[in-house]
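First residue of the sequence shown: 1, per this note's numbering; consecutive thereafter. Notes to accompany the following structure.
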Amino acid sequence: MAILEKKTYKGLTEETAIQLVKELELFPVHAELTAREIGDGNLNYVFRIASEENSVIIKQALPYAKVVGESWPLTLKRAKIEADALVKHGEYVPAFVPKVFRTDEDLAITIMEDLSHLKIARTGLIEGEYYPNLAKHIGQYLAKTLFHTSDFALHPFEKKRLASAFSNPELCKITEDLVFTDPFFNIDTNDYEPELQSDVEEIWNHTELKIAAAKIKQSFLTEAEALLHGDLHTGSIFASEEETKVIDPEFAFYGPIGFDVGQFFAHLVFQVIVRKGEDREIIVNQIDEVWQEFYSVFSELWKSKGVDPFTKVDGYREVFLAKVFDDAIGVVGCELIRRTIGLSHVKDLDGIEDSAVRLKAKRAALSLGTNLILKKASIKTIKQFITTIEEFT
Ligand code: ADP
Ligand code: MG
Ligand code: MG
Ligand code: MG
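As structure tokens, then:
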């Protein structure tokens, strides 16, 4: 029986992945096809199916997540959220997301454009590459996806319909725990080098810091401003010198705009921490450029497409964007801390071989993160943000 007709979930193999694309007639009938699983296998399968001329990617959600050696059940619905978010964001930024060819909710798959000619931005950045368009493109991606899905652009009925279609409680809970809660408490899934014990305890014992973090978490829990990507780190971005494509929006949901902005900032900050001299300046400038581009594109859209009467009130745009910036800075702080001592790390820091250099980088991430969370009210401009980064790294 045809794979799609079964209407039940079954993990694909390289053989059934080929069978599936044949059933869907995505390749000429007699094409010789090869398939290879290329994902990291933690949450999802990613198959690349290729003929001599053509190729596609099939991403399939697994019904569990393998974390710390155990597996925990994880809803397959995230595959539909991911597919729908790629399509929805694609309406506004077709150049910055992969084309989606087919999706199937029962099989929990998205069949999409193969982006293998590009490199995952984190990998390239760690290798010292420079992506001259990355900051501008992500600034535009953020402005367009977030403005167009917000109450500034949509009828309130359509906004609520989308917010409910993108309700994503299980994946949000992962973020609520891993980003906004666990690193601030002595929880056994935290993961840090023993040399950092006293730095970590300082965080756990810092009541003022915890109250400030709790407020940032509260914003994530309650502020349904726009359809977020929800996992916008440099490992979710394919890049080359010319192109930028954002993948992997399985954490998409209606949340605070500053979350996506702040997460992307944070992963540029990891590169600032690990780079030196001119290479470092390039990334510092990209942080500035992302914000300038986001600000100007969001502002243009606000003026030309704003539907809420308050968008016509002089000064409200600046006030709203200042709120987004404040939210973003808080998120940067939480993300720097959680990627250093929480469950899920980044290769930018963990990949540093010299342990003294690595620990110094991690301590910089922790103290900068702490400072941003505590002092975000006094950091009002991108220049002040950059000055603060320079001070701690
Ligand atoms: P996960 O949710 O498991 O992190 P991702 O969507 O990030 O899955 O994909 C995991 C890896 O699979 C990526 O880092 C990339 O190497 C590969 N991959 C994913 N989507 C594509 C694509 N459209 N084209 C080429 N490779 C892809
Ligand atoms: Mg992965
Ligand atoms: Mg991913
Ligand atoms: Mg993912």
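Think of the CB as a built atom: it goes at the ideal place given N, C-alpha and C, for glycine as much as any other residue.
*Quick one: what's got a C-beta closer than 6 Å to K59's C-beta in the same chain, skipping five residues either side?*
On the sequence shown, residue 59 is found 59 positions in, with the first residue counted as 1. These residues qualify, in order along the chain: N44, V46 and T110.
*Between which two residues does the alpha helix (DSSP H) carrying D327 extend?*
In the sequence shown, residue 327 corresponds to position 327, counting from 1. From DSSP, the alpha helix (DSSP H) with D327 extends over Y316 to I341.
*asked:* Between which two residues does the beta strand (DSSP E) holding L171 run?
replied: Translated into the one-based positions of the sequence shown, residue 171 becomes position 171. Premise fails: L171 lies in the alpha helix (DSSP H), P169 to L178, not in any beta strand (DSSP E).
*asked:* Short of 8 Å in beta carbon distance, which residues of its chain neighbour E91, apart from the five on each side in sequence? Order them along the chain.
replied: Sequence index remark: in the sequence shown, residue 91 carries index 91 (1-based). Cβ neighbours of E91 within its own chain (closer than 8 Å, five residues either side excluded): H148.
*Mind listing which residues have their beta carbon within less than 5 Å of any non-hydrogen atom of ligand 4? Chain order is fine.*
Chain-ordered list of matching residues: D248 and E250.
*Apart from the five residues on each side of it in sequence, which residues of its chain come closer than 6 Å, Cβ to Cβ, to L20?*
Taking the first residue of the sequence shown as 1, we reach residue 20 at position 20. So the list reads I3, once near-sequence residues are dropped.
*Taking only the alpha-carbon atoms, compute the straight-line gap between K305 and I247 and give it to the nearest angstrom.*
Translated into positions along the sequence shown, residue 305 becomes position 305. Translated into positions along the sequence shown, residue 247 becomes position 247. Distance between the alpha carbons of K305 and I247 is about 27 Å.
_So for S71, helix, strand or coil by DSSP?_
Working through the sequence shown from its first residue, we reach residue 71 at position 71. In the structure shown, the three-state DSSP call for S71 is strand.
*Would DSSP call T149 helix, strand or coil?*
Here residue 149 refers to the residue found at position 149 of the sequence shown. In the structure shown, T149 sits in coil (DSSP, three-state: anything other than H, G, I, E or B).
_Option in E127, E23, E129 and L33 with minimal Cα separation from R102_ = Position 102 of the sequence shown, counting from 1, holds the residue named residue 102. The candidate whose alpha carbon is nearest that of R102 is E23.
*Could you give the uninterrupted runs of the beta strand (DSSP E) lying entirely in the region 186 to 259, keeping only those of 3 residues or more?*
List check, beta strand (DSSP E) in window: 226 to 228, 237 to 239, 244 to 246 and 253 to 255.
*Sorry if obvious, but does the Cβ on S71 come closer than 7 Å to a heavy atom of ligand 5?*
Looking for ligand 5 in the displayed structure turns up nothing; the ligands present are ligand 1, ligand 2, ligand 3 and ligand 4.
_Contact belief for F265 with F220 at Cβ below 8 Å, rounded distance in angstroms_ = For this step, residue 265 is matched to residue 265 along the sequence shown. For this step, residue 220 is matched to residue 220 along the sequence shown. That pair is no contact at about 16 Å.
*So, do the region 25 to 33 and the region 114 to 133 have three or more beta carbon pairs nearer to each other than 8 Å?*
With a cut-off of 8 Å, the region 114 to 133 and the region 25 to 33 do not count as touching, because too few Cβ pairs lie within range.
*Under 8 Å Cβ to Cβ from D308, same chain only, skipping five residues before and after it: list those, please.*
Within the sequence shown, numbered from 1, the residue matching residue 308 stands at position 308. Taken in chain order, the residues that qualify are D151 and F152.
*CA-to-CA distance, L321 to G315, given in whole angstroms*: By one-based count along the sequence shown, residue 315 stands at place 315. By one-based count along the sequence shown, residue 321 stands at place 321. Their backbone Cα atoms lie some 10 Å apart in a straight line.
*Quick one: using the 10 Å Cβ neighbour count with 16 as the cut-off for buried, is G402 buried or exposed?*
The displayed coordinates of the chain run from 1 to 393. Any statement about residue 402 would go beyond what the structure contains.
*Is the beta carbon of D106 less than 8 Å from the beta carbon of K7?*
Stepping through the sequence shown from its first residue, residue 106 is reached at position 106. Stepping through the sequence shown from its first residue, residue 7 is reached at position 7. Contact annotation: D106 and K7 have beta-carbon atoms nearer than 8 Å.
*Between H155, K136 and L171, which lies nearest to W72 when the distance is taken from Cα to Cα?*
In the sequence shown, counting from the first residue as 1, residue 72 sits at position 72. Scanning H155, K136 and L171 for the CA closest to the CA of W72 turns up L171.
*Alpha carbon to alpha carbon, how far is I283 from P169?*
Residue numbering aside, residue 283 sits at position 283 when the sequence shown is read from its first letter. Residue numbering aside, residue 169 sits at position 169 when the sequence shown is read from its first letter. Going by the C-alpha atoms only, they are around 34 Å apart.
*Is K230 near ligand 3, with its Cβ less than 7 Å from a heavy atom?*
To locate residue 230, count along the sequence shown from 1; it is residue 230. According to the sequence as given, residue 230 is Gly; it is not Lys. No, the Cβ of G230 stays beyond 7 Å of every heavy atom of ligand 3.
*For I49, which residues from the same chain have a beta carbon less than 7 Å from its beta carbon, with the 5 sequence-adjacent residues on both sides left out?*
As a position in the sequence shown, residue 49 is number 49, starting the count at 1. Here the set comprises A17, I18, V21, L33, A35, S55, V56 and I58.
*Might you give, ordered along the chain, the residues of its own chain that have their beta carbon closer than 6 Å to the beta carbon of L74, omitting 5 neighbours on each side?*
Working through the sequence shown from its first residue, we reach residue 74 at position 74. If you ignore the 5 residues before and after L74, its C-beta comes within less than 6 Å of the C-beta of Y64 and A65, all in its own chain and listed in chain order.
*In or out: E335 buried (at least 16 other Cβ within 10 Å) or exposed?*
Working through the sequence shown from its first residue, we reach residue 335 at position 335. If you draw a 10 Å sphere on the C-beta of E335, you find 16 or more other C-beta atoms in it, and that means buried.
_Going by DSSP, what residue range makes up the beta strand (DSSP E) through V21?_
Within the sequence shown, the letter at position 21 stands for residue 21. Looking at the DSSP string, V21 is not in any beta strand (DSSP E); the run it does join, the alpha helix (DSSP H), is E14 to E23.
*Inspect the beta-carbon positions of A328 and G262 and report whether they are closer than 8 Å.*
Against the sequence shown, residue 328 aligns to sequence position 328. Against the sequence shown, residue 262 aligns to sequence position 262. Cβ distance < 8 Å, so A328 and G262 count as in contact.
*Which residues bound the beta strand (DSSP E) around N44?*
Counting from 1 along the sequence shown, the entry for residue 44 is found at position 44. Its beta strand (DSSP E) spans residues N44 to A50.
_Own chain, CB closer than 6 Å to T340, minus 5 neighbours either side, in chain order_ = Within the sequence shown, the letter at position 340 stands for residue 340. Once the five neighbours on either side are set aside, the close Cβ partners of T340 are K362, A365 and L366.
*Do E201 and L118 have their C-beta atoms closer together than 8 Å?*
For the purposes of this step, residue 201 is taken as the residue at position 201 of the sequence shown. For the purposes of this step, residue 118 is taken as the residue at position 118 of the sequence shown. The Cβ atoms of E201 and L118 lie no closer than 8 Å to each other.
_In this structure, how does DSSP classify V307 when only helix, strand and coil are distinguished?_
Within the sequence shown, residue 307 is the residue found at index 307, counting from 1. Coil at V307, not helix or strand.
_Considering just the uninterrupted stretch of the beta strand (DSSP E) at T34, what are its terminal residues?_
Reading the sequence shown from its first residue, position 34 is the one you call residue 34. Where T34 is concerned, the enclosing beta strand (DSSP E) stretches over T34 to E37.
*Per-residue DSSP class, three states only, for F101*: Along the sequence shown, one-based indexing puts residue 101 at 101. DSSP places F101 in strand when its eight states are reduced to three.
*asked:* Using a Cβ-based criterion (distance less than 7 Å to any ligand heavy atom), does G398 qualify as near ligand 3?
replied: It is not possible to answer for residue 398, since the shown part of the chain is limited to 1 through 393.
_Those residues which DSSP pairs with V56 across a bridge_ = Against the sequence shown, residue 56 aligns to sequence position 56. Partner(s): I49 and E113.
*Anyone know if the C-beta pair for G333 and L301 falls short of 8 Å?*
By one-based count along the sequence shown, residue 333 stands at place 333. By one-based count along the sequence shown, residue 301 stands at place 301. It is not a contact, given that the beta carbons lie outside the stated cut-off.
*How is the alpha helix (DSSP H) around F385 delimited, first residue to last?*
Along the sequence shown, one-based indexing puts residue 385 at 385. For F385, the enclosing alpha helix (DSSP H) begins and ends at I382 to F392.
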